[in-house]
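Novice:
Protein chains: 2
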Amino acid sequence: MRIAVAGLGTVGGGLLNLLQQRDSVQVVAVCARTRHKKRTCSIEGIAWYDDVVTMARDAEVDLVVELMGGEGGVALDCARTALQQGKNFVTANKALLARHGAEISRLAEAKGCVIGWEAAVAAAVPVVAAMRQSLLANNTQRITGIVNGTCNYILSRLETQNEDFATALRGAQEKGYAEADPRADTQGFDSAQKIALLAALAFATPPALDEVSVEGIEQVSLDDVNFAKRRGFAIRLLAIAERIEDKISLRVHPTLVRLDSDFAAVCGVRNAILYQGDFSGQVFLAGQGAGAAATASAVAGDILDIARGRSTPLFGTPDAKLNPLPFFPLQDIVSPWYLHFRVQDKVGVVAAIATVLSECNISISAILQDDTRARQQRAMSCVSLLMWTHRTPGSAVARALHAIEKAKLLQGRAVAWRILDDEPQVEQQA
Amino acid sequence: MRIAVAGLGTVGGGLLNLLQQRDSVQVVAVCARTRHKKRTCSIEGIAWYDDVVTMARDAEVDLVVELMGGEGGVALDCARTALQQGKNFVTANKALLARHGAEISRLAEAKGCVIGWEAAVAAAVPVVAAMRQSLLANNTQRITGIVNGTCNYILSRLETQNEDFATALRGAQEKGYAEADPRADTQGFDSAQKIALLAALAFATPPALDEVSVEGIEQVSLDDVNFAKRRGFAIRLLAIAERIEDKISLRVHPTLVRLDSDFAAVCGVRNAILYQGDFSGQVFLAGQGAGAAATASAVAGDILDIARGRSTPLFGTPDAKLNPLPFFPLQDIVSPWYLHFRVQDKVGVVAAIATVLSECNISISAILQDDTRARQQRAMSCVSLLMWTHRTPGSAVARALHAIEKAKLLQGRAVAWRILDDEPQVEQQA
């Protein structure tokens, strides 16, 4: 099995180091932006290509590994060329697959090629193999994941180190966990790509990136984390794919999870996925979701597996059987909610807000007004009003927030996040 | 793909129910002890066999599923016949594979057959697929597992319900979690079979059931669970396979784990495996380790995967490359310890025990003498003396216990269990 590797950054270097310690596969060609620079891996005796398309055409090569990243451009050219040449293809590129997965799946099947992409979601955590194979006999009910290590690191710092968002983000950047421009992570798009891919596996649909409702963690304040903790919750950025009757719901949003739950125990850059199938019950997988070594582990596992002649459809189901499913609207999803209103400290505000909630048919399970000490520290006339609701559809919460904002009762924007619960969804129209 | 199913107990019934809800595979033959009895599944239109060997010879059958259990006898006959006929073979039978895995691996390879056995370890938890494929590129450092739901249920009841061992066991039997004769579970043999199989995968060795050091949970008292909890630990039956230099250590024993660890959070009949590889880092997998539906999920996953033409060696490595490795002696394994001595409440006993420990070079990190209230409840002159040690080899602890017992300082047997730590083993001879 002769391998070509496109991209020699952190992950590419990690992969070469791993493969050079094993003797089962041979890297025969590499391609990267700059030929002569200091690397963590040796490329001695390996053919060098400046152009990835030329490399992917190399007749000596059986399998092309793409580790460049990016949802189109060179990465897409690399995939197309490799597959058109009948070569197997392994990638860690969730952006590419989330955007062009349907095309790549079709092309791979037409050419009889295999695509390995374990590394694209949660790196070393074998969630793709689990869903393409071991759990395949199940009807998937729900997948819930912490699939972005950067966000989870930041939220963990708020929770355990009492840092504010900006400090935690800076720390993540210094440690190499966050990019200079962190928005793809912190705004939830990276998680959206990953849940679109897991949903394709779970529900035998083409990946539907544009149908994922996305809210990132940029509004999560240290206050929110502490208020949540006081009532026994942690805040996590969850990516959720769920089947509700004949529709699917795809969403990424900050979510309150119970402190004694598996998800609350996922701290720092770890990733975790909770799979729920009709026969398997809940299966929980957790581990390193990023980093050179963990990603190389997943890529190399795919390579060895393909070397054995394994052939699995890209999304677990033959391309012709992938069916787009209708989407369940986010506003109809029912859950308990955490609401945080910053209001002026004056008579009647609480009553006014409570009245709006009641008019929107939102039932409150608990109210907390920010304690004096915290207010004094801030020396502000602004008070935090926290409300915890019973199960409520998103549409009612949106209606209430709109009315409250319109009534000019707030200082700044209200925050409304769902609380994770295990109750099945009931369609609102029923 | 035409399937024959041998064994129609809980799991066989669950599998038939699952497969009858899917249309991708067809069950054409079944075999069980009693033909006419009330079942949870329908066998209408399926050929019936009284004899499993005759069924395994049926030319109509492509794949034989063995769900009878037992380490030899009919299950072994079934495996041998199916493979000799060139049929693929799927089993949930850890006893069969732990005892006869090497023979079955050889036979399967000679005949070009595939063996699916995801269900044999931790049922719905996809640990076999993870280790045979996704994590295969790693050098495995350690696998640590809670792989027996019965024991974990009992220990959880002690911990959370304050039940004693006998009550918890009776409860497990009433719920169907424990057999009428529970010893295969409670004495650790079931866990030993499973860790022998995972070690074969991890270290490319034939399964070495007889080399697993086994201690069950029958000595674990409610007192021990409470003493451990007071110092921030839970007690779990862990199965461990570890590479130490060029040797492997295989062991099953009650172990103290920190209350904030992943393992302490595994309660009731759940199973969990923590895999540690040189590139992957720690990967944690947890879920339903038993039961009709969860086991059927794993068996059906294997069936679908084989239907796709997948072919993986039984233990992830071609039979000719399976190498027996020497074993690292349990007494050389170093760890902190929990020691529980029941002693007479008289002057000088603590000093005498401490002196013996000191002579054996055992360094104590904490001492606790049972508080008065607990003693009064028992109205006994016997006192519990708890000691927590720094890292100590098993040989030193054994020597100390022997000397203490010989000195007639104890009422009943001493208890000594290891505390899980992440320090690497250092060979004592170094």
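Protein sequences, first through last, are from chains Y and L. Heads up, the first sequence stops at 461 in my numbering, and the numbers go up one at a time, no gaps. Heads up, the second sequence stops at 461 in my numbering, and the numbers go up one at a time, no gaps. Glycine included, every Cβ here is placed at the ideal spot set by N, Cα and C.
1) Can you tell me where the alpha helix (DSSP H) holding Y:L253 begins and where it ends?
2) Sorted by chain position, which residues of the same chain lie with C-beta nearer than 6 Å to L:I532's C-beta, five sequence neighbours on each side aside?
3) Tell me where the beta strand (DSSP E) around L:L305 begins and ends.
4) Within the same chain, show all residues whose beta-carbon is closer than 8 Å to that of L:L200, passing over the 5 residues directly before and after it, in chain order.
5) Within the stretch 345 to 400 of chain L, note down every full alpha helix (DSSP H) run reaching 4 residues or more, in order along the chain.
6) Assuming Y:A141 is part of the alpha helix (DSSP H), what are its boundary residues?
7) Apart from the five residues on each side of it in sequence, which residues of its chain come closer than 6 Å, Cβ to Cβ, to L:G247?
8) Go ahead and label L:E458 buried or exposed: buried means 16 or more other beta carbons lie within 10 angstroms of its beta carbon, across all protein chains shown.
9) With a Cβ-Cβ cutoff of 8 Å, do L:L361 and L:R282 count as a contact?
10) For my contact list, Y:T71 and Y:G44 are in at a C-beta cut-off of 8 Å; report their separation, rounded to the angstrom.
11) Just to make sure I have the definition right: I need the residues of chain L whose C-beta is within less than 8 Å of the C-beta of Y:E149. Which are they?
12) Taking the continuous beta strand (DSSP E) assigned at Y:M418, which residues delimit it?
13) Taking any Cβ of chain Y, which residues in the stretch 302 to 316 of chain L have a Cβ under 7 Å from it, in chain order?
14) Checking contacts by CB at 8 Å: is Y:D293 closer than that to chain L?
15) Which residue wins for smallest C-alpha separation from L:S394, given the options L:I364, L:R373, L:V428 and L:Q400?
16) Residue range of the beta strand (DSSP E) that Y:S280 falls in?
17) Could you give the DSSP three-state label for Y:L240: helix, strand or coil?
18) I'd like to confirm the pairing. Which residues does DSSP put opposite Y:N170 in its beta bridges?
19) Apply the 10 Å Cβ neighbour rule to L:H17 and answer buried if 16 or more other Cβ atoms are within range, or exposed otherwise.
20) Spell out whether any CB of chain Y is found under 8 Å from the CB atom of L:T343.
21) Would you decide whether L:R267 is buried or exposed? Buried here means 16 or more other CB atoms lie within 10 Å of its CB.
22) Can you tell me which of the three DSSP states L:C13 falls into?
23) Alpha carbon to alpha carbon, how far is L:S222 from Y:L399?
24) Do you know how far the Cα of Y:Q116 is from the Cα of L:P349?
25) Who are the near neighbours of L:L441 in its chain, counting only those whose CB is closer than 7 Å to its CB and skipping five residues on each side?
26) Is Y:F310 near L:A63, with beta carbons less than 8 Å apart?
27) Along the alpha helix (DSSP H) that carries Y:C182, what are the first and last residues, could you check?
28) Below 8 Å on the Cβ atoms is my guess for Y:L98 versus Y:G40; work out the distance and round it to an integer in Å.
29) Residues of chain Y with CB under 7 Å from L:S463, in chain order?
30) What are the residues in the stretch 89 to 109 of chain L lying within 7 Å of chain Y by C-beta distance?
31) Leaving out the 5 sequence neighbours to the left and right, which residues in its chain are closer than 6 Å to L:C298 when beta-carbon positions are compared?
32) Relative to the C-alpha of L:T423, which candidate in L:A139, L:V365 and L:Y369 has its C-alpha closest?
33) Could you spell out the range, first to last residue, of the beta strand (DSSP E) harbouring Y:L94?
34) For a contact defined as C-beta to C-beta under 8 Å, what are the partners of L:N156 on chain Y?
35) Alpha carbon to alpha carbon, what distance is there between L:D363 and L:Q460?
36) So which residues on chain Y does L:A203 lean against when the C-beta distance must stay under 9 Å?
Specialist: Working from what's here:
1) L253 to R261
2) In the structure displayed, chain L extends from 32 to 461; residue 532 of chain L sits before or after that span and is not available.
3) R301 to G308
4) I185, A209, P213 and T217
5) 380 to 390
6) K125 to K142
7) T217, Q218 and G219.
8) Here L:E458 scores only 47 on pLDDT, less than 50, and its place in the model is too uncertain to base an answer on.
9) yes
10) 4 Å
11) Taking the beta carbon of Y:E149 as reference, the chain L residues within 8 Å of it are S165, listed in sequence order.
12) C413 to T420
13) G308, F310, S311, G312, Q313, V314, F315 and L316
14) yes
15) L:V428
16) K278 to R289
17) Reduced to three states, the DSSP call for Y:L240 is helix.
18) DSSP lists no partner for Y:N170.
19) Past the boundaries of the shown model lies residue 17 of chain L; chain L is included only from 32 to 461, so the question cannot be answered.
20) Answer yes: the Cβ-Cβ gap between L:T343 and chain Y drops below 8 Å somewhere.
21) By the C-beta density criterion, L:R267 is buried, having at least 16 other C-beta atoms within 10 angstroms.
22) Residue numbering for chain L in the displayed model covers 32 to 461; residue 13 of chain L lies beyond these limits and cannot be assessed.
23) 49 Å
24) Cα to Cα, L:P349 sits roughly 30 Å from Y:Q116.
25) F372, R373, V374 and I435
26) For Y:F310 and L:A63, no; Cβs fall outside 8 Å.
27) Going by DSSP, Y:C182 is part of the alpha helix (DSSP H) stretching over G180 to Q192.
28) 7 Å
29) With chain L covering only 32 through 461, there is no way to say anything about residue 463 of chain L.
30) Those residues of the stretch 89 to 109 of chain L that come within reach of chain Y (Cβ to Cβ, closer than 7 Å) do not exist; the list is empty.
31) In the same chain as L:C298, and ignoring 5 residues on each side of it, the C-beta atoms closer than 6 Å to its own belong to S187, in chain order.
32) Comparing C-alpha distances from L:T423 to each of L:A139, L:V365 and L:Y369 shows the shortest one belongs to L:V365.
33) L94 to E97
34) Asn is not the amino acid found at residue 156 of chain L; the sequence shown has Val there. Neighbours of L:V156 in chain Y, taken as residues at a C-beta separation under 8 Å, are given in chain order as V314.
35) Only weak support exists for where L:Q460 lies, its pLDDT of 44 falling under 50; the coordinates are left without a value.
36) Here the premise fails: no neighbours, minimum Cβ distance about 19 Å.
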